[in-house]
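Asker:
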Amino acid sequence: MANDASAVSDAHSQAVSTDSLADPFTPPADSSLWRKNFLLGAATASYQIEGAVNEDCRLPSIWDTFSAIPGKVLAGDTGAVACDHYHRWEADIDMLASLGLEGYRLSIAWPRVMDTTGAPNRKGLDFYKRLLNRLKEKGITTFVTLYHWDLPQHLEDRGGWLNRDTAYRFVDYADLMSRELAGTVDAWATLNEPWCSAYLGYGNGHHAPGLADGRFATQAMHHLLLAHGLAIPVLRANDPASQKGIVANIGRGTPNSDSAADQRAAHLFEVQHNAWILDPLLKGAYPQELFELWPGTEPLVLDGDLQTISAPLDFLGINYYFRSNVASDGAHGFREVPLEGVERTQMGWEVYPDGLRDLLTGFNRTYRNLPPIYITENGMASDDKVIDGHIDDTQRISFLKRHLAAVDQAIKAGVDIRGYFLWSLMDNFEWAFGYERRFGVVHVDYSTQKRTVKRSAELVAKFLKERKAQV
Ligand code: IFM
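When you line the sequence shown up against the working numbering, it's residues 42 to 512, in that order.
1) Report buried or exposed for Thr514, applying the criterion of at least 16 other Cβ atoms within 10 angstroms of its Cβ.
2) Where Ala132 and Leu172 are concerned, what is the direct C-alpha to C-alpha distance, given to the nearest angstrom?
3) Do the CB positions of Met218 and Pro235 come within less than 8 Å of each other?
4) Confirm the yes/no value for this check: CB of Ala472, any heavy atom of the ligand IFM, distance under 7 Å.
5) For the ligand IFM, is there any heavy atom lying closer than 7 Å to the beta carbon of Glu143?
6) Could you tell me the alpha carbon to alpha carbon distance between Gly294 and Thr158, rounded to whole angstroms?
7) Grab me the residues of Glu471's own chain with a C-beta within less than 6 Å of its C-beta, minus the 5 sequence neighbours each way, in chain order.
8) Quick check: the stretch 147–154 against the stretch 98–107, are at least 3 beta-carbon pairs closer than 8 Å?
9) By the DSSP assignment, the alpha helix (DSSP H) with Asn174 in it spans what residues?
10) Is Gln387 near the ligand IFM, judged by its Cβ being under 7 Å from some heavy atom?
11) Check for me: the beta strand (DSSP E) holding His484 runs from which residue to which?
12) What three-state label does DSSP hand Pro101 in the structure shown?
13) Within its chain, find whatever has a CB closer than 6 Å to the CB of Pro69; leave out the 5 residues flanking it on each side and keep chain order.
14) Could you check if Ala509 is buried or exposed, using at least 16 other CB atoms within 10 Å of its CB as the buried criterion?
15) Taking only the alpha-carbon atoms, compute the straight-line gap between Phe66 and Phe375 and give it to the nearest angstrom.
16) Let me check you understand the geometry: is the CB of Gln511 closer than 7 Å to at least one non-hydrogen atom of the ligand IFM?
17) In this structure, how does DSSP classify Ala155 when only helix, strand and coil are distinguished?
18) Given Asn405, which residues of its chain have a CB within under 7 Å of its CB, disregarding the five upstream and five downstream residues?
19) Return yes when at least one heavy atom of the ligand IFM lies under 7 Å from the C-beta of Glu234, else no.
20) Comparing alpha-carbon positions, which option in Asp346, Arg146, Pro161 lies nearest Arg220?
21) Can you have a look at Asn174 and say buried or exposed, based on whether 16 or more other CB atoms are within 10 angstroms of its CB?
22) For the ligand IFM, I want to know if Gln89 counts as a neighbour, meaning its beta carbon is within less than 7 Å of at least one of the ligand's heavy atoms.
23) Examine the Cβ distances between the stretch 358–373 and the stretch 412–419 and report whether three or more of them are shorter than 8 Å.
24) Considering only the beta carbon of each residue, do Thr186 and Thr225 sit closer than 8 Å?
25) In this structure, does DSSP put Asp60 in helix, strand or coil?
26) Quick one: Cα of His189 to Cα of Arg146, how far?
27) If you run the structure through DSSP and keep just helix, strand and coil, what is Arg492?
28) Under 7 Å: does the beta carbon of His195 sit that close to some heavy atom of the ligand IFM?
29) Please find out if some non-hydrogen atom of the ligand IFM comes closer than 7 Å to the beta-carbon of Trp104.
30) CB of Trp130 to nearest heavy atom of the ligand IFM: below 7 Å?
31) Please list, in chain order, all residues of the same chain as Gly253 whose beta carbon is under 6 Å from its beta carbon, the five residues on each side excluded.
32) Given a cut-off of 8 Å, decide if Trp202 and Leu115 are closer than it, judged by their beta-carbon atoms.
33) Taking the CB atoms as reference points, tell me whether Ser365 and Gly325 lie closer together than 8 Å.
34) In the DSSP assignment, what residue or residues form a beta bridge with Ala83?
35) Roughly how far, in whole angstroms, is the beta-carbon of Arg199 from the beta-carbon of Asp206, given that I think they are within contact range, below 8 Å?
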């Protein structure tokens, strides 16, 4: 096991100053987080931060189209300007480095780097080359996601993820990126959160492209996973030194009572949120219970698809945010029963760190081939205000501390977890919720584009500095 908690030596523990333990973030001395090879970084995604949607021959994406439809995004917000990162990337990387963050997870905008014929768009490619080269100069570990939801609109016009051909176009894109960017990427993730792309995009219409049909959701999921499986060997061939994986959002379902019916409801919730993606990836089969719950939605699967999808991975990225408390008798085998009096975030999501630990230890039992894990997203939204030049995001500090403690517990229970990325480096375009919901550890004033480091980021930086100073 690469992650042995005993790697935190006594000497190491003793070296942790009592001062550091008094702050509201720093992990306790026996935490695995003190291991220097536990990667601690921050994450963003192209459409959420870049802006510059009409620059340098970038093509429209499904999010440009969707956010332009009145009523789809809170306050009519769009990603047209976002954090203007396309122009401010150098200062943003300096900020990331000044916080001592060791890893950066970003995504590439597919519509920025290829034209409608699939030919490279050099200007768009150069942007990512400059960005990745600078990150490497700063010694920052780079995790690059190829698809974080911004599908080129011209592909959606031909059916998007409902069209099997999109999986092959994705492979062309992965091929181009891994040939052009090899050597600057430490880890490639094919997809971010296929559950959201498939279910929110094609199943209930809350996300782009805004279609709502259960059969669409399962077919879109199959083509997304196929795109992933087909791209993995291409990434391996073009960039052998990097790690290859995929990022899944996972949901914890807990039963509202001890009754067998509620326990079954919690299980079915997790089948629909987790096993739908993880079973084909790690077991080479969709969970049959899914299609019993959603009759008539079996996707068209060709011979060999599931073998392609379940090719071995170097890592699995896990994004975790909250739990859902459920009872039986709902439309999908469960009904949400929101708990009263529990702590929630600006999103209304319940703060429930144990869910992260329990899911990780559960996956370790369920999947005998579970790859090494990175927590590729975790964090919370709060209505942060700048007061006298400072942002004291107390709830986030406590949230991060408790979730990192859950990660430590999972490591100590035997799960191979190698790193954790804060979501997000800075406040950004939170999809259907626009700019109202602030997930950043750095505040963005959207009227001036001024960045202000929040207290949470200062404390993470302080911890990383102390960790680096350990012998
Ligand atoms: O902002 C999103 C991100 O793009 C994907 N994972 C969840 C985050 C918070 O909703």
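Where a beta carbon is used, it is the ideal one built from N, C-alpha and C, also for glycine.
Answerer: Result, derived from the coordinates:
1) No answer is possible for residue 514: the residues shown for the chain start at 42 and end at 512.
2) 11 Å
3) no
4) Correcting the residue type first, residue 472 is Trp in the shown sequence and not Ala. Result yes, Cβ under 7 Å from the ligand IFM.
5) no
6) 44 Å
7) Arg478
8) yes
9) 163–178
10) no
11) 483–486
12) coil
13) none
14) Here residue 509 is Lys; the residue named in the question, Ala, does not match the sequence. It counts as exposed.
15) 36 Å
16) no
17) First, the amino acid is wrong: residue 155 is Met here, not Ala. Looking at Met155 - three-state DSSP - the assignment turns out to be strand.
18) Leu411, Gly455, Val456
19) yes
20) Pro161
21) exposed
22) yes
23) yes
24) no
25) Legend: pLDDT at Asp60 = 47, less than 50; position of this residue unreliable, no value from coordinates given.
26) 11 Å
27) strand
28) no
29) no
30) no
31) Inspection of the sequence shows that residue 253 is occupied by Ala rather than by Gly. Taken in chain order, the residues that qualify are Asn245, Gly246.
32) no
33) no
34) Tyr145, Leu463
35) 7 Å
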